[in-house]
Structures are given as structure tokens and as C-alpha cells.
Amino acid sequence: MDFMERLQSTDDVLVMFGTMQTLLVDEYGKPMETHLGEWILAHPEAFQDSLRRLYAAGHNMVHPGTQANSPFRAKPFGVQDRVYEFNYQSVKLAKEVTPENCYVFGLVSSSNPDWLEPVGNMTHDEVYNGYREQVLPMLEAGVDGIFVSGNHIDESVIAIKVAKDHSDIPVLAATVFYAGKKGFRTMTGLDPKAASAKLQEAGADVVGFNCGLMTKSLDASEWYPAATILLKEMKQGTDKYLFASPDAGLAQLINDRTVYPASPGEMASEVLNWVDVGARIVGGCCGTSLEHGRRVSAVLRDRKA
Amino acid sequence: MDVLPAITGNLRRGEAAKVAELVQKGLDDGLSWDVILNRGLFAGMGVVGELFREEEMYIPEVLMAAKAMNAGIKVLEPLMAEAGGGKKLGKVVLGTVKGDIHNLGKELVGIMLRGAGFEVIDIGVDVPSEKFVEATISEKAQLVGMSALITTTMPYMRTTIEALEKAGLKGQVKTIIGGACVTQQYADEIGADGYSEDAGAAIEKAKELLGLK
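Going down the list, the sequences are from chains A and B. Take 1071 as the starting number for the first sequence in the working numbering and just add one per residue. Take -17 as the starting number for the second sequence in the working numbering and just add one per residue.
Here's what the structure looks like:
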């Protein structure tokens, strides 16, 4: 079923897998230093195997690891000439193993290490053209939607416009919030209501938050409930479908191992609260494992039963 | 003398061209370059740092204020060079460790330290330990600051500290680390001399480490 039709004519809540790079590093031998797009194209079987496992675990939305496939992110690795190929092939490979009722959304992310001015030195046109270089091959490869994410909401607005200027496919737009003295704010100082309104105004079909929270003061048990609060605040600025995708807590390095404190069980306990607020797509960013997705999709299945 | 508050106010608002103009006016009015630098530009940046810590200013505004500060410094540069560069609190080498391309946090620390009177040499992102050592030696830096956003790259902080020790720099150079997942505990574990939770706190910590407080 077509993605927007799925949202409009059913009450299904979709589960997105958000940590492609981590999965490929932890379980398929991708070196951290290698460019993600380059690695995926060099290891298509591993990539497709990972996607099959995601779908088997209950996820029904994936992004095929395209976040580094912008000219901005490809340049430090010296692979900017392969941007078209990276985006086209990653989507193509993902679509080949994607079941009928699942969706591939091409991820377009922050432009760092340089940024849109004034955070960096890039002009609006440079950022627009760079994102277009990513989006066009994704469209040609038959992507189901574009997933705009990243730390700089003004860049996200540009990415949404690129998608909408060149197609009618759905756009999911998420931004990153930090928990500070005044509450949740984006890097640019917007509160959740203003941020969600901005994303809707730019043309997003689904609006939400990704990653972040990024605070050392929240206990692991408070983490997912904080995401519920954030979602409620975002809802005040938008009437679009909502998307919730927090990190699994703030990462700690303990004995040289990365530990994310917020567990699959804790995520599964909170997810129906996100659905109550209006989330139709749920997922997790940094630290969110296959097991988180498995537990969450089980809760969502039981809800339907 | 009222050009000084105009400089700090325009710096805070990120008005680079106006700050450059006002700095020139200050010189034309007979103010010395170091008064303009310290009581105009650095004073303005100090206010920005405070506002940033209080969450009244956000990253894009801080970066614009820094551009305004640099525009003002550019006007003063010929005079500063003539006078031998002016007294700096110390020299700091700043970089994001190997494997990590995140730069914003590091940039903010650089801005804050510059604004407080340190000389900052930013050696970029994805910096291997050898490059940290090379830069520290060639620049004769007193402080090395390392940034990492993610846990997977944090171990390179330990590698770099070990490389600095191996190069015989222990005791000559202090190290300070920071990043979203970095903690005081981690700093203690890897033998870093200091840890700063954000760019604002970095100024005080840097001064403390160099015995300037």
C-alpha cells in the first residue's frame, strides 16, 4: 500500500530502524573510518542481509544508510564524484529486499563539517544544490519517501524543499532537540512548537524529532518519558502525523565499551504513550538496537489484536 | 570612549561590518589597540559567553558574534603585529580526534578561548595523535584540547594523551577534553588534566590548568 494511503486509511503505526551504520559496524565488519555509502556499495550482500534482519525483527521502514551520501559529507573522504552512484545504488539495493508493506526512505542529513551560514560558510544555493545531488538519484531509484534529519533545522527546510520541488513523494522531517534550562530547544534556539511549525510550513508530511535529548541530567528511566513530553510540545505547532525517534539514552564509555542506558523494555513501555500523542512512525536513533525494534513492534502488534 | 559599548553591543548582535567600522573609529579617536581589543572586543565576547551559558544566545548567534569579533581583530592586526602580537594568556591547540568529523563544539571552545585572550590553533577534525603532537611542539602550545562527539572515537583521546607523554611533553603541556558523552570520570580514567562540560566552562578550566586564576 502507498505510504500516505497507509497513514490516512489505517491506524497502523510504523517502526523505523535508525542505526544502519552501527549495525554494519558492530555485526558486518564495517570499519568506523570508511565512508558509509562507499562501504555499502562494496558490500551489497552484507547490506541486504542486514535489511532482511531488520524487516524480520518487525521494522517496516528503513533508511538505506544514505546520510553520508551528500557532496558535503563525501568530500572529506574524497568520494564526492560517486555521490550519484552511492544514493542510487543504496536505494536500489534496499528496494530489492523490501517487502510489499514496508518502505524505504532516503535519509538526507546535516551538511557538516561545513554548514549553512551563519553556522558555517555555505550559502543557501550551495546547500540546495548539494541536497539535490542526493535526492535526484534516490528518486530515480524508486525511493518511497525522503527522510530529512539533522541538527540544523534551516538546512532541513532546504532539504524538504528540494524533495518537494522535484517530486510528490512523502517527506518525513525530524529535527534534534537538546534539554536545557529552558526546556527543549534546537541548536538554533527554537522550542518544539516553533520547530514543528517550521517543518510543516516547509512542506513536510510527517513531523518529528530524531536523536538528541543529549543531556547528562536525565536518568535512563526518565529518558523515554522525556521523549513523550517533547512530542506533546511539538504537537502544539503542527497538525501533521508525528514521528518519535530518540536515542537510547546518552552513551557512556565504560571499560572501552559503549553502553546506552535506555533499554528495549523501557522503550516498549513508553511507545504507546507516543502513539496516544499522535505518533504514526516510531523508531530510535543512536543506541537503538534490533531488540528495541523487536520489542516495540511486538507492543504495537498486541495493540491491534 | 563611548565607542567601546557600541563595539560590544554590535559584536553581540553579530554586526561584523559595523564592528570593523567602530574599531577603526576607536583608533581614529585615539584609543590604543589593546584597550579596543580588551575592553571592546573581548569584553563583548565575554558577554556572549555568559549569555550562551544562560541559554539566552544560541550557536548560530554565537558564531556570528565570533565573526564580528574577528572582523574587529582584523582591523587591529597591523598594530598588534607591530607591537609583537600582544600578550596572550597562552597558546592552545584544539582538534577533534581521529575518526570524528564533528566540529561545532570545538569551534565554540575556540571562539570562547580566543575571546578570553588565548591564542588558539585549530587543527581541524579527524586528527590523528601524531598531528596533535606535531602541532603542540611546533606551536609551543601550553594546552591541548580534544573534542569527540561519540563514544567510538573517545578512545583516541587516550591514544593522543599517551602520544604526548611518549613525546616527552608530559608536564610541559596540559590536556583538556570535552564532548557530549565525555565525563569528568572519563577524563580521570585516561589521565586528562581537565574536562569541560561546555564551551563556556572551558575558559575557566583553561585558566585554572595554566595557573592563571
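Note that CB positions come from ideal geometry on N, CA and C, so glycine has one too.
Within 10 angstroms of the Cβ of residue i, are there 16 or more other Cβ atoms? Answer buried if so, exposed if not.
i       : result
A/S1266 : buried
A/M1071 : exposed
B/K70   : exposed
A/N1157 : buried
A/P1316 : buried
A/T1080 : exposed
A/R1032 : Since the first residue of chain A shown is 1071 and the last is 1375, residue 1032 of chain A is not available in this structure.
A/N1171 : exposed
A/K1310 : buried
A/D1151 : exposed
A/T1245 : buried
A/K1100 : buried
A/D1275 : buried
A/G1088 : buried
B/D10   : exposed
B/G67   : exposed
A/V1352 : buried
B/I143  : buried
Tell me the DSSP bridge mates of residue i?
i       : result
B/K195  : Answer is none; B/K195 lacks a bridge partner.
B/K73   : B/E101
B/T78   : B/S129
A/A1132 : Checking the sequence, you will find Val at residue 1132 of chain A rather than Ala. For A/V1132, which the question treats as bridged, DSSP gives the partners A/F1087 and A/V1174.
A/A1112 : Answer is none; A/A1112 lacks a bridge partner.
A/V1329 : A/Q1322
A/V1241 : A/I1216
A/G1253 : A/G1250
Please confirm whether residue i has its beta-carbon closer than 8 Å to some beta-carbon of chain B.
i       : result
A/V1153 : no
A/Y1096 : According to the sequence displayed, residue 1096 of chain A carries Asp and not Tyr. No - not a single Cβ of chain B is within 8 Å of the one on A/D1096.
A/V1189 : yes
A/M1192 : no
A/P1316 : no
A/A1321 : yes
A/D1326 : yes
A/M1102 : yes
A/P1146 : yes
A/M1257 : yes
A/N1182 : yes
Which class does residue i belong to by DSSP, given the choice of helix, strand or coil?
i        : result
A/Y1248  : strand
A/R1350  : strand
A/S1315  : strand
B/L13    : coil
A/G1363  : helix
B/A50    : helix
A/G1099  : coil
A/G1386  : Since the first residue of chain A shown is 1071 and the last is 1375, residue 1386 of chain A is not available in this structure.
B/R(-6)  : helix
A/Y1154  : helix
A/P1169  : coil
A/R1140  : Note on identity: in this sequence residue 1140 of chain A is Ser, with Arg being the wrong assignment. Residue state, collapsed to three classes: coil.
B/D(-16) : coil
B/M62    : helix
B/I18    : helix
A/V1149  : coil
A/D1081  : coil
A/N1343  : helix
A/K1310  : coil
B/G68    : coil
B/M94    : helix
A/D1372  : helix
Could you check whether the Cβ of residue i sits closer than 8 Å to any Cβ belonging to chain A?
i      : result
B/P110 : no
B/N85  : yes
B/E144 : no
B/E37  : yes
B/T134 : yes
B/G54  : no
B/L33  : no
B/G161 : no
B/L76  : no
B/V30  : no
B/M62  : no
B/G67  : no
B/M46  : yes
B/I119 : no
So does residue i have its beta carbon nearer than 7 Å to some heavy atom of the ligand GTP?
i      : result
B/V155 : For the ligand GTP, the structure offers nothing, since it holds no ligand at all.
Exercise. Which parts of the segment 1171 to 1230 of chain A are runs of the alpha helix (DSSP H), unbroken and 4 residues or longer, counting only runs that do not cross its ends?
Worked result: 1194 to 1210
Exercise. Which runs of the beta strand (DSSP E) spanning at least 3 residues fall entirely within the segment 102 to 181 of chain B, listed in chain order?
Worked result: Runs found: 125 to 129 and 156 to 160.
Exercise. Enumerated in chain order, which unbroken segments of the alpha helix (DSSP H) with a length of 4 residues or greater are wholly contained in the segment 1255 to 1306 of chain A?
Worked result: Here the runs fully enclosed are 1262 to 1272 and 1290 to 1305.
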